[in-house]
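Take the sequence shown: its position 120, counted from the start at 1, is 369 in the working numbering, and no numbers get skipped.
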Amino acid sequence: MFPWAIALATGLDYFDNSIFSFFTSYIAGGINSSTDELVWASSAYAVASVLGILQQQWWIERLGNRRYIGGSLFLFAAGAIAATLCESSFELALARGFQGYFIGPMMSACRILIQMRFTPQQRPRATRAFLNMILLGSALAPLIGGYLVASFGWRALFTSTAIAGAACGLFVLLAVPSSGRVQPEARGEAHFWPYIMFAFAQGALQIVMQQVRFQLFSSSPLLIMLTAAGLFALGWFVWHQWHHPRPLIRLHALREKPFRVGIMLYIAFYYVNTTLSFLVSRFLEGGLHYPVENAGRLTGCTSLVALAAAYLYFRYSARVAHKKWLIGTGFLISAFVSVWMVNMPPDVSMPWLIAPLTLRGMVLLFIALPVANITFRIFAIEEFNHGYRFKNIVKQLTVSFSTATVIILEQHRAAVHQTRLVERVNPFDPVFQETYARLIGGFEALGRNAADAKGLALAEIGRAVTQQASFLSSLDGFWFVMGVALCGAALAFWQKQIN
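In structure tokens form, the structure reads like this:
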């Protein structure tokens, strides 16, 4: 039961991330905020997650792995209840930040526990359970979330994660053996001021990243000062941790070339994967106007195929001697899926979407698994602990940055396309005249009077303009992802360290 307890805890982490990313627009509508305002919630989650990962070992040395993981899951559930009660984007940002501090370190805590508590003979079985729960959590999020939103509303998303968090926390307390706690004299320092400096650096740089959407960076002294202060604080923190004999996180793993290249490939993967997930949900719901339950079912069911593919990966991947070809192929698949989605017509039927969405679900197998397999193979247990935590800090920051950039891109392109489409809505445009007259005739045939028919016709045209703008902005986003994926493929094929 031990490996399944920590696997379920990690699966919940991925379930929560996927559900928030996929249903961002519904959550934003529920609290009467725009989608780009919800970027603050994503940023708060990422910053708190990074701070939690940084302090993870400090807590484990005092509480032990079982109490730390179980307690974090219970507190994550409490944060989910707080998110359920939110009425504004500010309240949601606070709730998500609270959740992020406790669930963000879950993947690194559980993966390090597998490395430390299982023998080399037991480790493959535990690792397979760990990876299968990651795939299952990511696939079930849109599937279950679509049903919950359609039946009960957006608050049910956080209610479900609260229940799951409490259940997983109880399971962890019952199944995970006590380990990790050390005597007071052997515990690491709190590193209070370095921790505060790092938190300030993260907060300052996140604020700059958000505000640069509204202000020209070069003409804003405040943004320039915040950037300089954030970079100085971050540089001081890195210098302090590098030279400290017992740091919060040891950075010496960066001396190893395979680790540096692996981190670069991880950044490319998390960026592509996060932006693709967001764009697919916007494409289905906004561009094609699919009901939320249908969109969730389609995305979730196609993602479940990755579980079957994972079995094949574990069975046959060892036969591929040069893993760089798997990694590069994964990025090429992402680019291919993006081009495929760009060429979808506005009236595409659901069966035509199954193949590209199925391919998208298998990208993790081609990129993340072989990169992880080689990047951390060179480390002993202690260095693995610090290296894996550093990798998850990079993951959280990349997910936050990619979410922010894709929302900004999508909002900008939607505004551009909507402006161009609205220019066509005028009485001198023959296409508009024909469409307007046809809609008026249709509503009058349904028994509406002339005034009502004209109002309903204009409302229908406005809805069509919004949908078309959303569809076109999603296509622009897929072009952007294709470019990033091709850069990732070039890096994968060019490098010689991860091979």
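Backbone N, C-alpha and C define an ideal beta-carbon position, used for all residues, glycine too.
Taking all protein chains shown into account, decide if residue i is buried (16 or more other Cβ within 10 angstroms of its Cβ) or exposed.
| i | result |
| --- | --- |
| L303 | buried |
| Q490 | buried |
| V733 | buried |
| I516 | buried |
| F677 | exposed |
| E534 | buried |
| M611 | buried |
| N314 | buried |
| G328 | buried |
| L648 | Reading off the sequence shown, one finds Val at residue 648, where the question assumed Leu. Result: buried. |
| N266 | buried |
| R638 | buried |
| Y565 | exposed |
| R374 | exposed |
| M356 | buried |
| D227 | A query on residue 227 cannot be resolved here, the shown segment of the chain reaching from 250 to 748 and no further. |
| Q645 | buried |
| L471 | exposed |
| F401 | exposed |
| V569 | exposed |
| M474 | exposed |
| Q432 | exposed |
| E659 | buried |
| M731 | buried |
| N634 | buried |
| G301 | buried |
| Y317 | buried |
| S468 | exposed |
| T548 | buried |
From what residue to what residue does the alpha helix (DSSP H) around residue i run?
| i | result |
| --- | --- |
| Q746 | Note, Q746: premise wrong, no alpha helix (DSSP H); not H, not E. |
| K640 | 630–671 |
| A331 | 314–333 |
| Y519 | 506–531 |
| M365 | 355–366 |
| N675 | Note, N675: premise wrong, no alpha helix (DSSP H); not H, not E. |
| L384 | 372–401 |
| Q490 | 470–492 |
| S274 | 273–279 |
| S583 | 573–591 |
| F449 | 441–460 |
| S552 | 541–565 |
| L423 | 404–424 |
| S338 | 338–352 |
| F625 | Here F625 belongs to no alpha helix (DSSP H), and DSSP marks it neither H nor E. |
| L500 | Careful: L500 lies outside any alpha helix (DSSP H) and carries neither H nor E. |
| R609 | 600–610 |
Cβ of residue i within 9 Å of Cβ of residue j?
| i | j | result |
| --- | --- | --- |
| I352 | L385 | no |
| A584 | A738 | yes |
| D710 | A702 | Per the sequence shown, residue 710 should be read as Ile rather than Asp. In this structure, A702 does not lie closer than 9 Å to I710 by Cβ. |
| P391 | S552 | yes |
| L483 | F447 | yes |
| K573 | N622 | no |
| L525 | S723 | no |
| A450 | L480 | yes |
| G577 | L721 | no |
| Q348 | V510 | no |
| F580 | I616 | yes |
| R345 | Y294 | yes |
| F681 | R669 | no |
| F325 | T410 | yes |
| S291 | T652 | yes |
| Y520 | F727 | no |
| L613 | F518 | yes |
| G264 | A413 | This sequence places Phe at residue 264; Gly is not what is there. Yes, they are a contact pair. |
| F272 | L419 | no |
| I642 | V288 | no |
So, under 8 Å CB-CB, residue i and residue j are touching, yes? Tell me the CB distance rounded to an integer number of Å.
| i | j | result |
| --- | --- | --- |
| T523 | S270 | 7 Å |
| F379 | R360 | 7 Å |
| P620 | L705 | The sequence shown places Val at residue 620, rather than the Pro named in the question. Not confirmed; about 54 Å, so no contact. |
| N381 | L556 | 6 Å |
| E310 | R430 | 7 Å |
| A718 | H666 | 4 Å |
| I363 | I255 | 7 Å |
| F532 | M590 | 7 Å |
Report yes or no: is there a C-beta of chain D within less than 9 Å of the C-beta of residue i?
| i | result |
| --- | --- |
| N314 | Among the chains of the structure shown, chain D does not appear; only one protein chain is present. |
Contact the stretch 319–335 vs the stretch 453–460: 3+ CB pairs below 8 Å: No: the two stretches stay apart, fewer than three of their Cβ pairs being nearer than 8 Å.
Three CB pairs or more closer than 8 Å across the stretch 434–447 and the stretch 418–426: Judged by pairs of C-beta atoms under 8 Å, the stretch 434–447 does not touch the stretch 418–426, as fewer than three such pairs exist.
Cβ contact (3+ pairs, closer than 8 Å) linking the stretch 282–293 and the stretch 381–400: Flag = no, the stretch 282–293 and the stretch 381–400 do not touch.
Contact the stretch 627–642 vs the stretch 287–305: 3+ CB pairs below 8 Å: Contact holds: three or more Cβ-Cβ distances are below 8 Å.
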